[in-house]
Amino acid sequence: MKKVLSTVAALGLVAGLASTASAVEFSMSGNYVAEGIYFDKGTGNGVDLNTNDASSDAWYQHTFELKPTMKVNDKISMFSTVRLADDSIWGNQDDTAGSMAANNDVYVHHLYMDYASPIGKIRVGRTPAGPYGTSFADTDVRADRIMLWPSFLKSGSLSTLFYIQKSTEGDAYDATSSSDNDHYEARLYYKNENLDSGIRYGFTNSNAANHDNEKQSASIYGKYKRENLFFNGELTHNFGDNTATVDYDSWGAMLELGAKMDALTPSLMYFYASGDNNSTDTDNEVFGTNTTTQGVTGSEFTPLYILTGRQTGLLNADQYAADTDALSAGVHAIVAAVDFAASDRLTLHGAIGWAQADAEKAGWDDEYGWEYNVGAAYKLLDNLTYEAHFGYLDTGDFFEGGVAGANTENVYLLTHHLTMTF
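Structure, rendered in structure tokens:
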């Protein structure tokens, strides 16, 4: 009798699990990008100047990203982003055991749960952490967060978001260190048919040995479109205590105006990131404050192929650490661009940009130079696109490094990539 009851109970448990599993809705999306890059007089760590025989570099790389989603029920969903390759350079992949994570070959980029609770949507886990407002300061990063979009504070076009973020845990598993890094943020959004806007305040507390590192940040953005005109803008101010004797005080901003006229879309952009012209005073005025993970601007912000390119390591630190001289000097830049939809499959792009350092370094010229871009994207299939880009930088004397008689080299960049989405 016990065996019969045990068997019935086991079958009931299996049936229950099966019925639960069958209720889960599973979907998968993702993309694969294969790229080829040629950087003349550049090595992926900035331009190689001050020599008549500057080096050049060429390489292939690829990224494969899977985005599985599981809808458990009407209230709960699980999301993940798994990368089987992340800008993995061909011919430089270590296939030995245990090497995959170190080389970004296989890792979980995002993993989080959304819960439609009675008080609003709650998100828990390793979430996307870069996107906010425009792409100006966005980075392709992730963070461990608990987030709440409270429904009781939503009214019409207004909504709010609050979250806490654990950036560094210093005392887990009985460790003696208390050097935690925690971030707290509040956001207010206003959205309607023509306007997407928001304002945020963030507070980061990083305990150190003899002081509190308390960085604060405030941003406002707006993306407005009406008929054939559009406007995008963002302003960020970082402030607070950096160390026991140095304070944060940096600014970043971007403004873009454009129009969509049938197949033609012209635009004019200005962007700015503050630099520090006095490293010995009590203010750290560098907008990009982390040379290993952050550039002068965000890694997702690429209006120019070379100066803000992902693979050049100048103002953008997406693939390589940003140029430390440019990072401390900041930037003023103007970019005029135009996109032309030649057909439903072919799009052409052109841009002219000029940039200079914000903070003058003693004995250095402040001009980064003029850049010229042309590009094309052709849709081979609905989910397969080929792109080719060419950038030429008429290099400014900033890159002489303050060396008398130095001879800067003009540089160019050729890239092409194939993108498949599903």
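Numbered per my numbering, the sequence shown finishes at 422, counting up by one with no gaps. Quick reminder that beta carbons are idealized off the backbone N, C-alpha and C, glycines included. The structure displayed is predicted, hence computed values, not measured ones.
{"query": "Mind pulling the beta strand (DSSP E) runs of 3 or more residues that sit fully within the region 223-264?", "result": "229-241, 247-259"}
{"query": "Distance check for residue 383 and residue 134, CA to CA, integer angstroms please.", "result": "25 Å"}
{"query": "Rank 377, 253, 328, 64 by C-alpha distance to the C-alpha of residue 280 and give the top, closest one.", "result": "328"}
{"query": "Assuming residue 335 contacts residue 269 under a Cβ cut-off of 8 Å, what Cβ separation, rounded to an integer in Å, is found between them?", "result": "4 Å"}
{"query": "Just the C-alpha distance for residue 267 and residue 236, rounded to the nearest angstrom, thanks.", "result": "22 Å"}
{"query": "Just to confirm, are residue 390 and residue 305 a CB contact at a threshold of 9 Å?", "result": "yes"}
{"query": "Can you tell me the Cα-Cα spacing of residue 385 and residue 32, whole angstroms?", "result": "11 Å"}
{"query": "Please determine if the region 119-134 and the region 60-77 are in contact, where contact requires at least 3 C-beta pairs separated by less than 8 Å.", "result": "no"}
{"query": "State yes or no: is the C-beta of residue 340 within less than 9 Å of the C-beta of residue 419?", "result": "no"}
{"query": "Give me the Cβ distance between residue 369 and residue 355, rounded to the nearest whole Å; I'm assuming they're in contact under 8 Å.", "result": "7 Å"}
{"query": "Count the other C-beta atoms from every protein chain shown that fall within 10 angstroms of the C-beta of residue 115, then say buried if there are 16 or more, exposed otherwise.", "result": "exposed"}
{"query": "Measure the beta-carbon distance from residue 362 to residue 398 and round it to whole angstroms, keeping in mind my assumption that it falls under 8 Å.", "result": "That belief does not hold up - the Cβ atoms of residue 362 and residue 398 are roughly 13 Å apart, past 8 Å."}
{"query": "Within 10 angstroms of the Cβ of residue 303, are there 16 or more other Cβ atoms? Answer buried if so, exposed if not.", "result": "buried"}
{"query": "Let me make sure I understand the geometry here. Which of 330, 159, 165, 400 has the alpha-carbon closest to that of residue 142?", "result": "165"}
{"query": "May I ask you to check if the CB of residue 344 is nearer than 8 Å to at least one heavy atom of the ligand ZN?", "result": "Absent from the structure shown: the ligand ZN. Ligands present: none."}
{"query": "Would you tell me roughly how many angstroms separate the C-alpha atoms of residue 353 and residue 62, rounded to the nearest one?", "result": "28 Å"}
{"query": "Find the nearest neighbour of residue 234 within the set 228, 247, 251, judged by alpha-carbon distance.", "result": "251"}
{"query": "Is the distance from the Cβ of residue 330 to the Cβ of residue 287 below 9 Å?", "result": "yes"}
{"query": "Is the distance from the Cβ of residue 415 to the Cβ of residue 91 below 9 Å?", "result": "no"}
{"query": "Looking at the unbroken beta strand (DSSP E) that takes in residue 111, where does it start and where does it end?", "result": "107-117"}
{"query": "Thinking C-alpha only, which one of 129, 239, 231 is nearest residue 216?", "result": "239"}
{"query": "May I have a chain-ordered list of the beta strand (DSSP E) segments no shorter than 3 residues that lie completely inside the region 141-198?", "result": "142-150, 158-168, 181-191"}
{"query": "Roughly how far, in whole angstroms, is the beta-carbon of residue 371 from the beta-carbon of residue 307, given that I think they are within contact range, below 8 Å?", "result": "6 Å"}
{"query": "What does residue 388 pair with, by DSSP beta-bridge criteria?", "result": "376, 416"}
{"query": "Excluding the five sequence neighbours on either side, which residues of its own chain have a C-beta within less than 6 Å of the C-beta of residue 402, listed in chain order?", "result": "363, 364"}
{"query": "Taking residue 298 as the reference, give the member of 144, 136, 111, 156 with the closest Cα.", "result": "136"}
{"query": "Between which two residues does the alpha helix (DSSP H) containing residue 329 stretch?", "result": "324-329"}
{"query": "When DSSP labels each residue in this structure, what does residue 400 get in the three-state scheme?", "result": "helix"}
{"query": "Where are the beta strand (DSSP E) runs, 3 residues long or more, that stay fully inside the region 302-351, in chain order?", "result": "331-341"}
{"query": "Among 38, 118, 395, which residue has its Cα nearest to the Cα of residue 407?", "result": "395"}
{"query": "Terminal residues of the continuous beta strand (DSSP E) containing residue 59?", "result": "57-71"}
{"query": "I'd like to confirm the pairing. Which residues does DSSP put opposite residue 370 in its beta bridges?", "result": "354, 394"}
{"query": "Relative to the C-alpha of residue 30, which candidate in 64, 56, 185, 409 has its C-alpha closest?", "result": "64"}
{"query": "Who does residue 287 pair with in a DSSP beta bridge?", "result": "Residue 287 is not bridged to any residue."}
{"query": "For residue 278 and residue 284, I'd like the C-alpha separation in whole angstroms.", "result": "9 Å"}
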